[in-house]
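Below is one structure, written out as structure tokens; comments come after it.
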Amino acid sequence: MPDAKPPSLFDDHPLTELDKKAHALLGDKVVVKSLAASSAFHRLPRYVSEYLIAKYVKPDTWQADLANIQTKIRDLLPDLEHRELLKEKLLSRGEVTLIDNVEVRIDLRGGQRWARVPALADNNVRVPASITEQHPGLLLGGLWGTVKVKYAPETDAGAPNELSAFTPFQVGPPDVAAFKASRAQFTTDEWAGLMLQSAGYAAAAFPDRRTRLLLFTRMVPLVERNINLIELGPRQTGKTFLLRNLSPRVFTVSGGKTTPANLFVNLNTKQVGILGTRKVVVFDEIAHTTFGDGDETVSTLKDYMESGHFSRGSLGFAADAGLVFAGNLDVEGTQPHPKYAHLLEPLPEAIIDSAFHDRMHGYLPGWEVPKITPGSVATGVGFVTDYFGEVLVRLRDESFGDAVRGVPMHAGLTRRDQVAVERLASGLLKLLHPDGKWTAEELLDVVTFASELRQRVHQQLCALAPGEFKSRLIAPAAVPSHTAEDLKPRAAEVTVDRLNTEAVVGAATGLAVLTRGDREYGGDTILIQVSAINGGTGVTVTGLHGRTLKDSIQAVYNLIRANFRELNIPEQRLKTQSLAVHLVKIAEPKDGPSAGLAFLVGMVSALTNRPIKPGFAFSGEVALHGEVGPVGGLLHKIAAAVRAGRKTVLISAGNANVIPQLPDDVRNAIDVRPIATAKEAIALAFD
Numbered sequence: 028m029p030d031a032k033p034p035s036l037f038d039d040h041p042l043t044e045l046d047k048k049a050h051a052l053l054g055d056k057v058v059v060k061s062l063a064a065s066s067a068f069h070r071l072p073r074y075v076s077e078y079l080i081a082k083y084v085k086p087d088t089w090q091a092d093l094a095n096i097q098t099k100i101r102d103l104l105p106d107l108e109h110r111e112l113l114k115e116k117l118l119s120r121g122e123v124t125l126i127d128n129v130e131v132r133i134d135l136r137g138g139q140r141w142a143r144v145p146a147l148a149d150n151n152v153r154v155p156a157s158i159t160e161q162h163p164g165l166l167l168g169g170l171w172g173t174v175k176v177k178y179a180p181e182t183d184a185g186a187p188n189e190l191s192a193f194t195p196f197q198v199g200p201p202d203v204a205a206f207k208a209s210r211a212q213f214t215t216d217e218w219a220g221l222m223l224q225s226a227g228y229a230a231a232a233f234p235d236r237r238t239r240l241l242l243f244t245r246m247v248p249l250v251e252r253n254i255n256l257i258e259l260g261p262r263q264t265g266k267t268f269l270l271r272n273l274s275p276r277v278f279t280v281s282g283g284k285t286t287p288a289n290l291f292v293n294l295n296t297k298q299v300g301i302l303g304t305r306k307v308v309v310f311d312e313i314a315h316t317t318f319g320d321g322d323e324t325v326s327t328l329k330d331y332m333e334s335g336h337f338s339r340g341s342l343g344f345a346a347d348a349g350l351v352f353a354g355n356l357d358v359e360g361t362q363p364h365p366k367y368a369h370l371l372e373p374l375p376e377a378i379i380d381s382a383f384h385d386r387m388h389g390y391l392p393g394w395e396v397p398k399i400t401p402g403s404v405a406t407g408v409g410f411v412t413d414y415f416g417e418v419l420v421r422l423r424d425e426s427f428g429d430a431v432r433g434v435p436m437h438a439g440l441t442r443r444d445q446v447a448v449e450r451l452a453s454g455l456l457k458l459l460h461p462d463g464k465w466t467a468e469e470l471l472d473v474v475t476f477a478s479e480l481r482q483r484v485h486q487q488l489c490a491l492a493p494g495e496f497k498s499r500l501i502a503p504a505a506v507p508s509h510t511a512e513d514l515k516p517r518a519a520e521v522t523v524d525r526l527n528t529e530a531v532v533g534a535a536t537g538l539a540v541l542t543r544g545d546r547e548y549g550g551d552t553i554l555i556q557v558s559a560i561n562g563g564t565g566v567t568v569t570g571l572h573g574r575t576l577k578d579s580i581q582a583v584y585n586l587i588r589a590n591f592r593e594l595n596i597p598e599q600r601l602k603t604q605s606l607a608v609h610l611v612k613i614a615e616p617k618d619g620p621s622a623g624l625a626f627l628v629g630m631v632s633a634l635t636n637r638p639i640k641p642g643f644a645f646s647g648e649v650a651l652h653g654e655v656g657p658v659g660g661l662l663h664k665i666a667a668a669v670r671a672g673r674k675t676v677l678i679s680a681g682n683a684n685v686i687p688q689l690p691d692d693v694r695n696a697i698d699v700r701p702i703a704t705a706k707e708a709i710a711l712a713f714d
């Protein structure tokens, strides 16, 4: 009997209808993604693994071909612990062949080309001009490939190693026109599925259009120049998986310290940093990232996010790298945890700044992206990752901005809003409709989604700096509101407690501003409970508090003793009763005198047995003679009073100028009454 024919690749890896169509129409531009999941490839980026599979694995001999590749990888890709053995082989044999990621830099002063070969831990491997001429990608962030290194100390004893040959594992310039033309052969849903599988996601695991748009947004920085994105969400949702595996043009900063030399330019060597040599820079684990030289780095980064230019010393450069800030955020159910005053809180303090985030084009809601599971990973047919990643970068030369600008928008958008929506929508259109053909409904859908991403940025700015940023709708004129849960009006967040509906003796609501360093980032309420206790005199304080807050309470008590007649407090009460002040609701020690007015009202209420009107809150500093002075952070504090359900807030007349600065939704929800003296406050606060 003749030998049985070995099974074809497609016998062992059955194809879906989309897989069959893509394989038939696109030929060697696509690959079966599951093959790259072999453990033999785990030390190689996916774009390298798939290049090798697409080039060397044939459907009818796939098992033998795959085994040959795996053997080559095992023999030529050294483990770190074998580094010294590799050096010994180079020293004794005079030449070694290996697989590595090689990057070349030019030393103009020394007239040399130096390669970095990580497997040898050598950053000064000499490179002939012929190799960089043949493979210019070595100078543009580096290439993976088969490397021959020759040991030649007779040429230069200080740098004895020389790159004698290099064969890249990455494709040359792709035919972008052919890629765009292939879009017409697929429906929109089929093309979206193919793009997802090409990026490493199983199309069947993400059937919902909105989820697909979220995943496509992660790719936008590759296809659109100078995009600034933030994504915060739960762990294990693959925030950097996609970009990290799609293209060698992406650089990931994983926590730790980043410096001006690393990011922008090294003033000593004049070497341009990663912003100038990559197309996308991802700050992963952003909460743990620190910025060297503090304000200088962040200031330069802000300039770059706005203009695409950066400078250090006398050196200035233009670049088109996109920035992605990715990190973790706690959730409750399917939404961000309500503990956050705004959704920028998990970021490092250095970049929680309204000017920084107004330059952010979009905030991707990572809490809506499903966690990555084995079933989420592509196993079907998709574009070869290396080809796909390079095509995406080449699409930066296209622009669909004119089409986006043709969609009428609601009035009131700033220039930054317009730029953000145009760039995000243009990027999404390039991914979904690279041939420039779409329906009016599809265009509106994409522009609406891009607007939502910018709206989420603006919403955080309103919370971060409510005096500077007012609520407005960023959306096409045909769209009355956004449907994302976190962007809906949050009336349901109003706290329900008895102080909103009942007049209670001794129970007053103070207001506090939350700070991180010297930055305000939100407001909170302090629920104060004061009891008059027979026997003794003086005041005691319980509940979490700082020294300054305790001193403020004592100062208010002294004021009451000095002015008891004006405040209509019976003298006998002061002589026979002490006061116990308990801070009922306080999430952290609140310092400062700004709660003085609330303490005064609560104490007077307890000493006179007069209840405080329901729904009242208080903020102001009380001087020894009863004047109510201005305090800071009123915009955040009044917003906190609204969230707590309070309907009236008494503030110092010296703070009356903040009333016009309040966002409309806050101003319409609460009655803000300026007062000048404690006596006025008492008259308004008591029944």
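Residue numbering for the sequence shown follows this note's numbering, starting at 28 and increasing by one per position.
Virtual Cβ for every residue (Gly too), placed ideally from N, Cα, C.
Note that this is a predicted model, so its numbers are computed, not measured.
- Message: Can you look up residue 473 in the DSSP assignment and give me helix, strand or coil?
- Response: In the three-state DSSP reduction, residue 473 falls in the helix class (H, G or I).
- Which whole-angstrom value describes the C-beta separation of residue 153 and residue 183, a residue pair presumed to lie in contact below a C-beta threshold of 8 Å? Right, the Cβ-Cβ distance comes to about 7 Å (below 8 Å), so this counts as a contact.
- Task: Determine the direct distance from the alpha carbon of residue 473 to that of residue 510, and round the result to whole angstroms.
- Result: Their backbone Cα atoms lie some 14 Å apart in a straight line.
- Item | When 121, 691, 236 and 142 are compared against residue 493, the one with the closest alpha-carbon | Checking every option, the nearest Cα to that of residue 493 belongs to 691.
- Touching or not, the region 47 to 60 and the region 405 to 413, by the rule of three or more beta carbon pairs under 8 Å? Cβ pair count under 8 Å is three or more, so yes.
- Query: With distances taken between CB atoms, is the gap from residue 172 to residue 123 smaller than 8 Å?
  - Reply: By the CB criterion at 8 Å, residue 172 and residue 123 fall outside the cutoff.
- Task: Kindly indicate which residue of 77, 67 and 43 has the alpha-carbon position closest to the one of residue 415.
- Result: Comparing Cα positions, the closest option is 77.
- Item | Per DSSP, the bridge partner or partners of residue 676 | DSSP lists 644 and 699 as the beta-bridge partner residues of residue 676.
- Message: Helix, strand or coil, according to DSSP, for residue 520 in the structure here?
- Response: With a pLDDT of 44 at residue 520, under the threshold of 50, the modelled position of that residue is not reliable, and no figure is offered here.
- Find the nearest neighbour of residue 103 within the set 175, 88 and 163, judged by alpha-carbon distance. When C-alpha distances from residue 103 are compared across 175, 88 and 163, the shortest belongs to 175.
- Would you kindly work out how many angstroms separate the C-alpha atoms of residue 721 and residue 324, rounded to a whole number? Any question about residue 721 goes unanswered here, given that the chain covers just 28 to 714.
- Are the beta-carbon atoms of residue 417 and residue 457 separated by less than 8 Å? Going by C-beta atoms, residue 417 is not nearer than 8 Å to residue 457.
- Message: Tell me which residues share the same chain as residue 536 and place their Cβ nearer than 8 Å to its Cβ, disregarding the 5 neighbours each side in the sequence.
- Response: Here residue 536 has 526, 552, 553, 554, 555, 625, 643, 644, 645, 668, 671 and 673 as same chain residues with Cβ atoms under 8 Å from its own Cβ, once five neighbours each way along the sequence are excluded.
- Task: Tell me where the alpha helix (DSSP H) around residue 287 begins and ends.
- Result: Here the alpha helix (DSSP H) through residue 287 covers 287 to 290.
- Query: What is the residue span of the alpha helix (DSSP H) that residue 189 lies within?
  - Reply: Careful: residue 189 lies outside any alpha helix (DSSP H), inside the beta strand (DSSP E) at 188 to 195.
- Under a three-way DSSP split, which group does residue 228 fall into? In the structure shown, residue 228 sits in a strand (DSSP, three-state: E or B).
- Message: Tell me which residue opens and which closes the beta strand (DSSP E) that residue 134 is part of.
- Response: Element bounds for residue 134: 122 to 134.
- Query: What is the DSSP secondary structure of residue 99, counted as helix, strand or coil?
  - Reply: When DSSP states are grouped into helix, strand and coil, residue 99 belongs to the helix group.
- Item | Inter-residue Cα distance where the pair is residue 288 and residue 317 | Going from the Cα of residue 288 to the Cα of residue 317 covers about 14 Å.
- Meets three-Cβ-pair contact criterion under 8 Å: the region 350 to 369 and the region 384 to 394: By the Cβ rule, the region 350 to 369 counts as touching the region 384 to 394, because three or more pairs are nearer than 8 Å.
- Task: Taking 8 Å as the cut-off, decide whether the C-beta atoms of residue 113 and residue 125 are in contact.
- Result: Inclusion of residue 113 and residue 125 in the CB contact set at 8 Å is warranted, their separation being smaller than that value.
- Message: Let me check one thing: in DSSP terms, what residues is residue 609 bridge-paired to?
- Response: Under DSSP, residue 609 shares a beta bridge with 556 and 569.
- Query: How would you write the range of the beta strand (DSSP E) that residue 390 sits in, first residue to last?
  - Reply: It spans 389 to 392 - the beta strand (DSSP E) in which residue 390 sits, taken as one unbroken run.
- Along the alpha helix (DSSP H) that carries residue 26, what are the first and last residues, could you check? Lying before the first or after the last residue shown, residue 26 is absent from the chain, which here runs from 28 to 714.
- Specify, as a first and last residue, the run of the alpha helix (DSSP H) that residue 76 falls within. From DSSP, the alpha helix (DSSP H) with residue 76 extends over 73 to 83.
- Message: Taking 8 Å as the cut-off, does the region 497 to 507 touch the region 597 to 610 (at least 3 CB pairs, one atom from each stretch)?
- Response: Between the region 597 to 610 and the region 497 to 507 there are fewer than three inter-stretch CB-CB distances shorter than 8 Å, so the stretches are not counted as touching.
- Query: alpha helix (DSSP H) containing residue 367: first to last residue?
  - Reply: From DSSP, residue 367 is part of no alpha helix (DSSP H); its letter is neither H nor E.
- Message: Tell me which residues share the same chain as residue 302 and place their Cβ nearer than 7 Å to its Cβ, disregarding the 5 neighbours each side in the sequence.
- Response: Taking residue 302 as the centre and dropping the five residues before and after it, the same chain places the C-beta of 290, 291, 308, 331, 337, 346 and 348 closer than 7 Å to its C-beta, in chain order.
- Report yes or no: do the region 440 to 450 and the region 265 to 275 share at least 3 C-beta pairs separated by less than 8 Å? With a cut-off of 8 Å on Cβ pairs, the region 440 to 450 is not in contact with the region 265 to 275, counting fewer than three such pairs.
- Based on the DSSP secondary-structure assignment, which residues constitute the bridge partners of residue 577? Bridge partners of residue 577: none, in fact.
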